[in-house]
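Undergrad: Below you'll find the structure I mean.
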Amino acid sequence: MAQKKMWLPVLVALVLPAMAFVACGRRGQQANSLQIKGSDTMVNLGQAWAEEFMKIDPAVSVAVTGGGSGTGVAALLSGTCDIAELSRQLTPEEISLARKKEFEPREVIVALDGLAVVVHPANPVSQLTLDQLAAIFSGVVVNWKEVGGADLPIVVLSREVNSGTHVYFKEHVLRRIGDEGRAEFAASALLLPSSQAIADEVAQNPGAIGYYGMGYISPREKALAVAVDAASPFVEPTIENVVSQAYPISRPLLMVTRGRPEGLVGRFLDFVLSAEGQKIVLKIDFVPVDKS
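Everything in the sequence shown is counted per numbering that gives the first Met the number 0, starting at 0 for the first residue and increasing by one.
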C-alpha cells in the first residue's frame, strides 16, 4: 500500500489565507519588479510562469533564478528576493529566523511533484523498492548485481545539501534504514549542483543512479518504477500516479513570501494558482494543485 502523504490534508489550509500577517517587501523593491529565487526543481516552472505573466502585463519584470531551496530561504531572510521557491517545507529553525527578522513566512503549495529515480537506459534494472534505494544511496549496496543488474559498480549521484530535493530524498528514502537521525548518503556519492547535471551524468554513465523532479524525465534516462516494499506494486513516476498517491516518492512544491502576499507578489501568486497558471504546471510535467 502506498504511503500516506501528510501534506495533502493541509493543502487547502496552506493555500487559503488563514492569518492576516503583515506583508514585508524586498529591500530596494521596485513596484513593477519581482525577484524569485530557490529550488532548481522549480526553476523551469517558475520561469514559465514569469514569461506568461509578463505577457499579460508587459510593464512588469520577473526574474527567476535557482541555486536550491536553501538559497531561496537565505534570500528571503536577507530581503533580497520577494518569493522563495521551495521543494520542501520550511524547517522550524527557518521559521524562527524569519520571526526574528520580524516577518511571518507564508507557505503556498503551487504544484505537486514526484521524485523520479533514474538510471542509464542500458541498465537492465527497471524497478526497485524503497529499501533497495535506501541501501544503494547510503552505500550499503555498491554493485548492480546485488539488485538484479549487471556486475558493475554503482555510481551514486545526489543533489547538493542546500537542495530541497536532497533533503526530501534523505528524509523519505534514506531514513528507512538504520538510525533515522544518522542516515546519510554514501561517502562516495557525487554531489551535483542541479537536476540537469544529474540528468546529463546518468545519460552518459551506465553505472549511475540519481534522482530529480519528474519534470526533468527524458528519453536520455530511464525512470525506475518504485514500490514501498517487496509486497507492494511497483509504480512509475507519472502525473496520474502522483495524483492518486500511488507513487511513493511525492511531495508538494511551494512558494514562500515575507508575510501575506500583497501587491505584485499577490497578483503573481493569484496567476500561479489560476486555471491558466496551473495549465503551465501540467505543461512542464508537474502536477497541478487543482488535480489533488
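Beta carbons are placed, not taken as given, at the ideal position from N, Cα and C, and that holds for glycine.
Taking Arg-158 as part of the alpha helix (DSSP H), name the residues at either end of that continuous run.
TA: Arg-158 -> not in any alpha helix (DSSP H); beta strand (DSSP E) instead, spanning 154-158.
Undergrad: Select from Ile-135, Ala-149 and Asp-56 the residue whose C-alpha is nearest the C-alpha of Ala-182.
TA: That would be Ile-135, whose Cα lies nearest to the Cα of Ala-182.
Undergrad: As a quick exercise: from Gln-126, Ala-73 and Ser-125, pick the residue whose alpha carbon is nearest that of Lys-100.
TA: Measuring from the Cα of Lys-100, the nearest candidate turns out to be Ala-73.
Undergrad: Who pairs with Asp-112 in a beta bridge, going by DSSP?
TA: For Asp-112, which the question treats as bridged, DSSP gives the partners Arg-250.
Undergrad: Asn-340 bridges to which residues according to DSSP?
TA: In this structure the chain extends from 0 to 291, so residue 340 is not present and cannot be described.
Undergrad: Check this for me: beta carbons of Ala-229 and Thr-70, under 8 Å apart or not?
TA: Not in contact: Ala-229 and Thr-70 (Cβ atoms no closer than 8 Å).
Undergrad: Starting from Lys-282, trace the beta strand (DSSP E) in both directions and tell me its first and last residue.
TA: From DSSP, Lys-282 is part of no beta strand (DSSP E) but of the alpha helix (DSSP H) over 274-282.
Undergrad: Grouping DSSP H, G and I as helix and E and B as strand, with all else coil, what is Arg-105?
TA: The answer is strand: DSSP assigns Arg-105 an E or B state.
Undergrad: Answer with buried or exposed for Ile-55, where buried requires no fewer than 16 other C-beta atoms within 10 angstroms of its C-beta.
TA: Its Cβ having fewer than 16 others within 10 Å, Ile-55 is exposed.
Undergrad: Should Arg-98 be labelled buried (16 or more other beta-carbon atoms within 10 Å of its own) or exposed?
TA: With fewer than 16 Cβ atoms within 10 Å of its Cβ, Arg-98 is classed as exposed.
Undergrad: Where does the unbroken alpha helix (DSSP H) through Val-186 begin, and where does it stop?
TA: Rather than Val, the amino acid found at residue 186 in this sequence is Ala. Unbroken run through Ala-186: none, as it is neither H nor E.
Undergrad: Could you give the first and the last residue of the continuous beta strand (DSSP E) run that contains Gln-88?
TA: Run containing Gln-88: none; DSSP gives neither H nor E here.
Undergrad: Do you know how far the Cα of Val-242 is from the Cα of Asp-199?
TA: Rounded to whole angstroms, Asp-199 to Val-242 spans 28 Å at the Cα level.
Undergrad: Expressed to the nearest angstrom, what Euclidean distance is found between the alpha-carbon atoms of Asn-31 and Gly-45?
TA: Computed Cα separation, rounded: 17 Å.
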